[in-house]
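Notes to accompany the following structure.
Number of protein chains: 4
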Amino acid sequence: MARPAVKKGRMEAAAIELFATQGLARTTVRDIAAAAGVGEGALYRHWAGKNEMASTLFRREVHAFVEALRPFLEDAGPPLARRVDAAVRFIYDFYEAQPTRLAFILFTQHGFPDQHVLDDALDPFTMLLAFCQREMRNGTIPPADAEVLASLVMGSVLQPLIMHRYGRVARPPAAIAADVAAGITALLLGGTAREVGA
Amino acid sequence: MARPAVKKGRMEAAAIELFATQGLARTTVRDIAAAAGVGEGALYRHWAGKNEMASTLFRREVHAFVEALRPFLEDAGPPLARRVDAAVRFIYDFYEAQPTRLAFILFTQHGFPDQHVLDDALDPFTMLLAFCQREMRNGTIPPADAEVLASLVMGSVLQPLIMHRYGRVARPPAAIAADVAAGITALLLGGTAREVGA
Amino acid sequence: MARPAVKKGRMEAAAIELFATQGLARTTVRDIAAAAGVGEGALYRHWAGKNEMASTLFRREVHAFVEALRPFLEDAGPPLARRVDAAVRFIYDFYEAQPTRLAFILFTQHGFPDQHVLDDALDPFTMLLAFCQREMRNGTIPPADAEVLASLVMGSVLQPLIMHRYGRVARPPAAIAADVAAGITALLLGGTAREVGA
Amino acid sequence: MARPAVKKGRMEAAAIELFATQGLARTTVRDIAAAAGVGEGALYRHWAGKNEMASTLFRREVHAFVEALRPFLEDAGPPLARRVDAAVRFIYDFYEAQPTRLAFILFTQHGFPDQHVLDDALDPFTMLLAFCQREMRNGTIPPADAEVLASLVMGSVLQPLIMHRYGRVARPPAAIAADVAAGITALLLGGTAREVGA
DNA sequence: CATGAATGAGCCTTCATTCAT
DNA sequence: GATGAATGAAGGCTCATTCAT
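Chains as they are written, first to last, in numbering that gives the first Met the number 0: chain W, 0 to 197; chain E, 0 to 197; chain P, 0 to 197; chain Z, 0 to 197.
Encoded structure:
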């Protein structure tokens, strides 16, 4: 192709920005086109429609994010705490560098018309689940319901970002990453062992 | 006296169900009316419009939930682990008893046109924050950034419910409550103390 | 009937006020009921519906007005100028005493769904036409196209009231009645005699 | 370039026709679209909504009419009677040529939600007022309350057209223009001088 | 009888999508 | 290829009217 699709990139950036900020339903095709400095019809040259564009972008962004995160979770070398810290730090730095890109990943899922936008293969939760199962097998963390544990970890990673975005956590993500990582490590180690009756 | 407003309750139930299931934007007034077995105009006798109905219901549900949860967080008697367990158990039982009611609380917030549907007074996060600060003052848990800690706890409570709703956590909420509570206790106790560099 | 229909009167007054002020289409049944301090259903006890109420009131008001005005136009005694003056003065005093009542008559006609709310018998224009024809027969005013002449007179009576209502004529109706009457007399006497080519 | 907005003109014509015939409130967007042979949404590409369309068209039509009429009222050359005759003739010819266009101007004003659709600059009454004041200064007509006189003239011009439209004046406007002009001249000359007490 | 809850047709408007230019 | 005028199916909402209480 002679000309690179420079407008496509502008539309993608504009769409991600708007989807992350206002949600899928409240972002119109005209909004996207205007923000990208492009005609309304241009969208249909690259995507089948607004929803298809959104889910394509969503899948792509999630995939890129998951792949970037994978090494942190699969590297078995350093001690657990250090690996968790590196992973959380990566995520929170990613957020600071491109807030709307991660916000798009965080906030958009609920809004899709069809339930299963992501196949399990590139789902962050799947990766997190595999991580937990592996660590249990390795004896790094005590045995537990991996699904529950992965959920706890996931919630612990995301919620501080969400609360920051809502202005309820004052310190910036990069500054709290270490705290969050420490908490998650405690979760993984002390985990779901039942000591309630103590 | 005129006819009693017998259909208001039916609309509330139908609306909560639909908002929780499909989100605000994708639930139409017609949907609500049909699900409630009511004419479309009936909504406007009791609320100013769809959005006002949603935020009124949302505030009411959150308020009821927060007030029901408060005793569990304010009671200072039993040891921490036991109190956390009771609180989580309450929440997860609540979910099993009325899934859509809690799902409505969980999923709806992002979708509101105006940012601040809740005043801080009846915000669950505010209550959780106060809980963390109190426990730190009492020396029950080690000092830490309370906002971050409250976020971690909140995420840990909610995410397992969310993943269950998405079918990614197999066991029912009531069955995993103890595990979740144990994890949160570990979080609170081992907390965000930095032992990463160890 | 035991109780006099006191509420009917309140509804009539409220309706006339609102119709005159906001027009037929923009006045709702609920507006009328609220202004009359009455339930919405009450209207249907006395009239078949909003439109029927409006046209009934309109006919009644026009009829009352026409009948009150009739003596001034049919009395053949005094000189023309004096009779015109008395008639205009009556109309303008009527307006000052009950502005909305006359405004209702003036402004409402265009808004009716069906063209012919009034039968010619109680139409003000019919009466004015008869007046002009009679005066011509009597030789009081020079012969002319009576329909045109009556239109000129009618416009000359109404427009100053309209412009006053729009705030474009500063002096109050009672104060300008004499001027208006003088103008109309000039119209009737000098009339439509063609002196253009002079 | 994109498709040229060929249907805008068709909508304008249809809207003016319908507004003039049935009034603002009783003309629906569907009516306009159907009469123009156009989809309903087309309206919103060119105007913000039905009301904005109506007031824009109204202003435009009034402006065009006022500007076309202005030379007749500002030319100070010929004797008054001749100038009045020319002006009335112009208006009545205008009506015969494009009845709905003038009817739109005549009938629509009352129906607007907001009071001041026109700024005084392009208001016909303002122009008429200036005309009367100028003639008084020039001594062409006797001194009088200009606001009242302008109202009388305005009513005398419009009412015959209104009555014709209602079928109460048989002869067509062009045929009665001379009579109307003669009446108005009498009004201006004999004016509002008080000779009532004679 | 009065009330006002309830109805539902119909209104204005939005917006994803198509397609003439 | 790109544009944006045009479409038309919904959507939220209004309001005259009905009728259970």
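A virtual CB, placed ideally from N, CA and C, is assigned to each residue, including glycine.
First and last residue of the uninterrupted alpha helix (DSSP H) at residue i
i             : result
residue 136/E : 123-137
residue 167/Z : It is not in any alpha helix (DSSP H) - residue 167/Z carries neither H nor E in the DSSP assignment.
residue 92/P  : 79-96
residue 40/Z  : Per DSSP, residue 40/Z belongs to no alpha helix (DSSP H) and is neither H nor E.
residue 187/Z : 172-189
residue 69/W  : 49-73
residue 28/Z  : 28-35
residue 202/E : The requested residue 202/E is not part of the displayed model; chain E covers only 0 to 197.
Close beta carbons around residue i, own chain, < 6 Å, minus the five adjacent residues each side
i             : result
residue 62/E  : 121
residue 80/Z  : 184
residue 177/W : none
residue 102/E : 19
residue 25/E  : none
residue 169/E : none
Other residues of its chain near residue i: CB distance less than 7 Å, five sequence neighbours each side excluded
i             : result
residue 155/P : 179, 182, 183, 186
residue 56/E  : 11, 14, 15
residue 173/W : 91, 92, 95
residue 73/E  : none
residue 37/E  : 6, 9, 10
residue 100/Z : 15, 60
residue 139/Z : 79
residue 188/P : 140
residue 117/P : 58, 61
residue 128/W : 145, 146, 149
Close beta carbons around residue i, own chain, < 8 Å, minus the five adjacent residues each side
i             : result
residue 206/Z : The structure shown does not extend to residue 206/Z, since chain Z spans only 0 to 197, so no value can be given for it.
residue 111/W : 23, 50, 53, 54, 57
residue 157/W : 105
residue 71/P  : 82, 85, 86, 89
residue 8/P   : none
residue 107/W : 18, 19, 22, 23, 53, 57
residue 126/P : 65, 68, 69, 72
residue 171/P : 95, 163
residue 1/P   : Interpretation of residue 1/P is limited by its pLDDT of 45, a score under 50 that renders its predicted location unreliable; no figure is taken from the coordinates.
residue 137/P : 75
Anticipated Cβ contact below 8 Å, residue i with residue j, distance rounded
i             : j             : result
residue 153/W : residue 124/E : About 18 Å separates the two Cβ atoms, so there is no contact after all.
residue 167/Z : residue 146/P : 7 Å
residue 4/P   : residue 17/P  : No, residue 4/P and residue 17/P are not in contact; Cβ-Cβ is about 19 Å, not under 8 Å.
residue 150/W : residue 78/E  : Their Cβ separation, rounded to whole angstroms, is 25 Å, which puts residue 150/W and residue 78/E out of contact at 8 Å.
residue 109/Z : residue 115/P : About 19 Å separates the two Cβ atoms, so there is no contact after all.
The ligand SAM heavy atom lying under 7 Å from the CB of residue i
i            : result
residue 76/P : This structure lacks the ligand SAM; in fact it carries no ligand of any kind.
State whether the segment 89-99 of chain Z contacts the segment 58-78 of chain Z, with contact taken as three or more CB pairs (one from each stretch) at a distance under 8 Å. yes
How about the segment 123-132 of chain P and the segment 42-51 of chain P: do they share at least three Cβ pairs that are nearer than 8 Å? no
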